[in-house]
Amino acid sequence: MADPATVAGAAAEQGSGGLPQFDLSWWPGQMAWMLIIFGVMFVLFAKVFVPKVGGTIDGREGQIAGDIAEARRLKDEAEAQAAAAAAETAEARARAQRLGADAKAKAQAEAAARQATEEAKLNEKLAAAEASLAAARDKAMGNVAGIASDTAQAIIEKLTGVAADAAEVKAALPA
Amino acid sequence: MAAIQPMEQFMIHKIVDLPPVVIPGLGSIDMSITNNVMFMLIAAAIITVFFLTTARGALVPGRGQALAETLYGLVDKGLVGAMIGHGRGKPFLPFIFTLFSMIAVMNIIGLAPTSFTVTSQLSVTVALALMTFLIVVIVGFTRNGLGFFKLFVPGGVSILMACFLAPIEFISFMVRPVTLAMRLFGNMIGGHVVMYMFASFVIGLGAFALHGGLASLGFLGSALSLAMVIALYALEFIVAFLQAFVFAALTCTYLNDVVNLDHGH
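So this is what it looks like as structure tokens:
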């Protein structure tokens with residue numbers, strides 16, 4: 730308060746009861762200081778505070794967006810995998826069914842074929858057996874006629890003492 | 509009992525004497541540190557410490573960082589983005605943020621008892637308002653050249669009407685720094701003087717009531733005044749924040765006028 734003008738000004742202000750703010754002697758210094766401090770703060774805000782806080786907010790938003798995109802991608806991937814697995818299962822089931830059906834058909838065909846050959850073999854055997862039977866019977870029947878003619882010749886010779894003619898005997902016998 | 513001097517709280521006095529700076533053409537400027545300058549420095553220090561300690565860039569913000577980010581969002585989205593536009597307003601974000609923070613902190617620390625309210629000094633509000641006005645004019649000319657003068661001619665009016673309206677627009681433009689400065693100054697000084705007066709009633713009426721008898725009613729007046737002081741004190745916090753917001757919002761409006769001069773308006 731060494732400046733006499735300032736002291737006089739302050740005294741005048743208090744004496745008149747006016748606003749101390751209207752004491753213009755203080756103005757240049759206060760305005761200059763305000764602008765200097767504001768300028769320094771502006772530089773701090775522009776170079777440090779705003780980039781730091783804004784960068785943090787932008788970074789967080791980016792991270793959240795990235796995380797959501799990543800989660801969505803993973804979900805899509807999982808869904809695709811689930812669909813692929815379901816398709817694979819269905820295919821495997823179809824293949825198994827087809828394999829089963831094929832095996833069954835093959836087995837049936839084989840069984841039928843085997844049955845057919847067995848039947849054929851049996852029929853053949855049967856036919857052979859029948860044929861041999863018929864042959865045996867024919868032979869037996871043939872023998873019966875021979876035995877009959879022989880017997881008849883022997884009886885005739887015995888009774889008549891004359892040897893009977895074989896052809897006549899044969900003709901006399903029933904066929 | 510001290511005399512009631514509501515204006516004493518606004519008196520500037522020197523704390524540290526510094527040599528005056530002589531600027532050619534302007535004369536000498538007394539750069540001494542006054543109580544006013546000291547509280548400017550305190551406000552600047554509070555802001556600096558606040559942002560340095562809170563702007564840690566954590567993904568999950570703590571309490572301080574959340575406050576810093578809320579303030580950033582308020583200025584970025586609520587003021588600059590909403591009034592100038594997100595793209596075009598971005599370069600002005602640091603300026604508006606500085607303006608808002610400095611005024612808000614200077615207003616609020618002025619509410620601490622025995623402190624000094626920097627923004628109740630007309631010189632300070634005039635300095636801030638003139639700076640804002642000059643920035644608006646400079647931005648207006650650098651962005652639009654002589655097209656800046658279209659600001660004074662409202663679009664879609666006849667030439668006759670334009671001749672009539674242009675002076676009015678011009679005057680309203682030139683009055684902006686005055687209203688900016690007076691609004692902040694008036695709000696701050698008014699609130700502080702009214703609080704001082706009610707606080708002096710608390711003591712004055714209380715002392716009067718000590719005479720006894722009918723004067724005891726003074727206690728009632730004293731209690732009512734105390735209630736008023738408390739209510740006003742709460743109100744002043746709102747005013748402190750609101751006036752900083754209004755100053756920043758009006759600055760955004762003025763910048764919007766010159767930044768988006770080619771479209772709209």
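Chains as they are written, first to last, in my numbering: chain C, 730 to 904; chain P, 509 to 773. A virtual CB, placed ideally from N, CA and C, is assigned to each residue, including glycine. Everything numeric in this text was worked out from a predicted model, so none of it was measured.
Query, Result
"Whole angstroms is fine: what's the gap from Glu-817(C)'s alpha carbon to Glu-839(C)'s?", "32 Å"
"What does the Cβ neighbour count give for Thr-880(C), buried or exposed, with the cut at 16 atoms within 10 Å?", "exposed"
"Quick check on DSSP: helix, strand or coil for Thr-761(P)?", "helix"
"Within a Cβ cutoff of 6 Å, which residues of the same chain sit near Pro-685(P), ignoring the five residues on either side of it in sequence?", "Ala-637, Leu-638 and Phe-641"
"Grab the span of the alpha helix (DSSP H) containing Arg-554(P) for me, first residue to last.", "For clarity, residue 554(P) is Ile in the given sequence; the question names Arg instead. It spans 543 to 562 - the alpha helix (DSSP H) in which Ile-554(P) sits, taken as one unbroken run."
"For Ala-752(P), which residues in the same chain have their Cβ closer than 7 Å to its Cβ, ignoring the five residues on either side in sequence?", "Phe-608, Ile-611, Ala-612 and Asn-615"
"What is the DSSP secondary structure of Ser-536(P), reduced to helix, strand or coil?", "strand"
"Which residues, in order along the stretch 775 to 789 of chain C, keep a beta-carbon less than 8 Å from a beta-carbon of chain P?", "Ala-775, Val-777, Phe-778, Val-779, Lys-781, Val-782, Gly-783, Gly-784, Thr-785, Ile-786, Gly-788 and Arg-789"
"Taking Ile-520(P) as the reference, which of Ala-620(P), Met-546(P), Val-647(P) and Thr-633(P) has the closest Cα?", "Met-546(P)"
"Using 8 Å as the limit for Cβ to Cβ distance, is Ile-766(C) near chain P?", "yes"
"Whole angstroms are fine: how far does the CA of Asp-752(C) sit from the CA of Ile-512(P)?", "20 Å"
"Between which two residues does the beta strand (DSSP E) containing Ile-531(P) stretch?", "529 to 531"
"Measure the Cβ-Cβ separation of Phe-778(C) and Ala-757(P) and say whether it is below 8 Å.", "no"
"List the residues of chain C whose Cβ lies closer than 8 Å to the Cβ of Glu-577(P), in chain order.", "Val-782, Thr-785 and Ile-786"
"Can you pull out the residues from the stretch 751 to 762 of chain C whose beta carbon lies closer than 9 Å to at least one beta carbon of chain P?", "Phe-751, Asp-752, Leu-753, Ser-754, Trp-755, Trp-756, Pro-757, Gly-758, Gln-759, Met-760, Ala-761 and Trp-762"
"What residue range does the beta strand (DSSP E) around Lys-522(P) cover?", "522 to 524"
"Around the Cβ of Pro-733(C), are there at least 16 other Cβ atoms within 10 angstroms (buried) or fewer (exposed)?", "Confidence at Pro-733(C) is low in this model, with a pLDDT of 43, below 50, so its placement is unreliable and the value that follows should be read with caution. Flag for Pro-733(C) reads exposed."
"Taking one C-beta from the stretch 882 to 901 of chain C and one from the stretch 675 to 682 of chain P each time, how about it: are there three or more such pairs within less than 8 Å?", "no"
"Does any C-beta atom of chain P lie closer than 8 Å to the C-beta of Gln-810(C)?", "no"
"Does the CB of Gly-565(P) have a neighbour CB from chain C at under 8 Å?", "yes"
"Helix, strand or coil, according to DSSP, for Gly-589(P) in the structure here?", "helix"
"Within its chain, find whatever has a CB closer than 7 Å to the CB of Thr-633(P); leave out the 5 residues flanking it on each side and keep chain order.", "Thr-627, Ala-689, Leu-692 and Phe-693"
"Around the Cβ of Asp-584(P), are there at least 16 other Cβ atoms within 10 angstroms (buried) or fewer (exposed)?", "buried"
"Our contact map puts Val-568(P) next to Tyr-762(P) with C-beta atoms below 8 Å; I'd like the distance itself, whole angstroms only.", "In fact, because the Cβ distance is near 38 Å, the residues do not count as touching under 8 Å."
"So with CB distances below 9 Å, who are the chain C contacts of Gln-751(P)?", "What Gln-751(P) touches in chain C: nothing, since even the nearest Cβ is about 16 Å away."
"Need the endpoints of the alpha helix (DSSP H) that Asp-796(C) sits in, please.", "779 to 889"
"For a cutoff of 8 Å on Cβ pairs, would you count Phe-656(P) as touching chain C?", "no"
"On the DSSP letters alone, give me the boundaries of the alpha helix (DSSP H) that His-719(P) sits inside.", "Looking at the DSSP string, His-719(P) is not in any alpha helix (DSSP H), and its letter there is neither H nor E."
"For Ile-604(P), which residues from the same chain have a beta carbon less than 7 Å from its beta carbon, with the 5 sequence-adjacent residues on both sides left out?", "Val-583, Leu-587, Val-588, Ala-756, Thr-759 and Cys-760"
"Just verifying my parser: in three-state terms, what is the DSSP assignment at Ile-616(P)?", "helix"
"Quick one: what does DSSP say Ser-754(C) is sitting in, helix, strand or coil?", "helix"
"For a quick check, are the C-beta atoms of Phe-774(C) and Thr-606(P) less than 8 Å apart?", "yes"
"Would DSSP call Pro-602(P) helix, strand or coil?", "helix"
"So which of Phe-518(P), Leu-718(P), Ser-724(P) and Ala-576(P) has the shortest CA-CA distance to Ser-623(P)?", "Phe-518(P)"
"Indicate the three-state DSSP secondary structure (helix, strand or coil) for Met-682(P) in the structure shown.", "helix"
"Is any beta-carbon of chain C found at less than 8 Å from that of Phe-600(P)?", "no"
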